[in-house]
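Undergrad: Take a look at this one; I'll ask things after.
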Amino acid sequence: METKGLWLSIVGCLAMAALGFGFAHWTGSEAIFLDGVFSLVNFVMSLVMLSVSRLIRRGADRRFPFGYASFEPAFNVLQSMVILGVMLMALSSAVAALYQGGRTLEAGIATFYAAVASIGCLAVHLVLRHIARRTGSSLLEVDAFAWMMDGILSGVVLCAFAFVWQFGDLLGGWLPFVDSWMVIGMVAVMLPVPVRILYRNLMEVLLAAPSSALQRQIRSAFAAAMEDIPGRRWSLSMTKTGRSLYLHARILLREDQCNASVEQADAWREQLTERMADFVSEQEFDVVFTTDEAYI
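All residue numbers for the sequence shown refer to full-length UniProt numbering, where the first residue is 1 and numbers rise by one.
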């Protein structure tokens, strides 16, 4: 299911890039050209994403003994940085155009492009969001969000082009500057999105703890799972990488259980693993029993 979503994104990006570059050449619009560049970048990144998706589904091996889950946030970091680079180049081009007297614009044709782009982007977003919710794929979640932002921005551009098309005479000498100001506005609105994605995924690459809300939920579930386990105290460390969550529990046994057998410890570990199955798999859940208070 995830692979089908990725292929939909790849085909959609290629179609939108071709549409954007064609209409940018036809209309002379830098805003449409920027939209085409974004689509081309997303096309290339989607191809890479397809390979990353296949790697994530592979199990651990000798080269990556903890699996390939870290490839997901690493790819999202790379994608965010590429998008930020494209946005900054577009911003510098728009500012330069303002100092050079602006650009002429075929508003009627640009309006038609923006309408097609808006409908296409939002349609792909809805399909990808549905697949992401069914599969739990953060790759598709990020990709669906990118399509939504592209669709919303195309809608804003549609309104602006339609206004220029119908009431361009009211702008007078400001008309050649509309396209450049539109690019600057698009960059200003979009900038927080890749920055937020970059920060979130960089924290996962650096093995930071998951969100506070998820930590509270996991600690509450673990406390309930410990109800009949003979532990005086316990500590729980956790980190989230892509779609994988890793937990490391250290449990200080009661004094009357200090001589418990390995078989008994295995039985307790199995109980905890079953009770925490909604959050983590057995291979990503380490449980250590100890009688050393300094270890907790």
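Glycine included, each C-beta is placed from N, C-alpha and C at the ideal position.
Predicted model, so just to flag it, every value in this text is computed and none were measured.
(1) Would you say the beta carbon of A146 comes nearer than 8 Å to a heavy atom of the ligand ADP?
(2) Which ranges does the beta strand (DSSP E) cover as unbroken runs of at least 3 residues, wholly within the region 192 to 274, from first to last along the chain?
(3) Anyone know if the C-beta pair for D150 and F38 falls short of 9 Å?
(4) Going by beta carbon distance, what residues of the same chain come within less than 7 Å of M238, once the five residues before and after it are set aside?
(5) For the beta strand (DSSP E) containing F289, name the first residue and the last one.
(6) With H, G and I counted as helix, E and B as strand and the rest as coil, what does DSSP make of residue 297?
(7) Can you tell me whether DSSP reads I109 as helix, strand or coil?
(8) Buried or exposed for L128, please, with buried defined as at least 16 other CB atoms from any protein chain shown within 10 angstroms of its CB.
(9) Which first and last residues belong to the alpha helix (DSSP H) in which Q79 is found?
(10) Taking a contact to mean a Cβ-Cβ separation below 9 Å, would you say V187 touches A90 in this structure?
(11) Quick one: give me the first and last residue of the alpha helix (DSSP H) that G5 is part of.
(12) Taking the CB atoms as reference points, tell me whether R254 and S235 lie closer together than 9 Å.
(13) Please list the terminal residues of the continuous alpha helix (DSSP H) segment that includes A160.
(14) Count the other CB atoms within 10 Å of the CB of R269; is the residue buried (16 or more) or exposed (fewer)?
(15) Helix, strand or coil, according to DSSP, for R129 in the structure here?
TA: So, from the listed chains and residues:
(1) With respect to small molecules bound, the structure shown includes none, and the ligand ADP cannot be examined in it.
(2) 231 to 241 and 244 to 253
(3) Yes.
(4) A209, P210, Q215, I218, L245, Y246 and L247
(5) F285 to T290
(6) Within the shown structure, residues of the chain are numbered from 1 to 296, placing residue 297 beyond reach of any answer.
(7) helix
(8) buried
(9) F71 to Y99
(10) yes
(11) E2 to T27
(12) no
(13) S138 to F167
(14) buried
(15) helix
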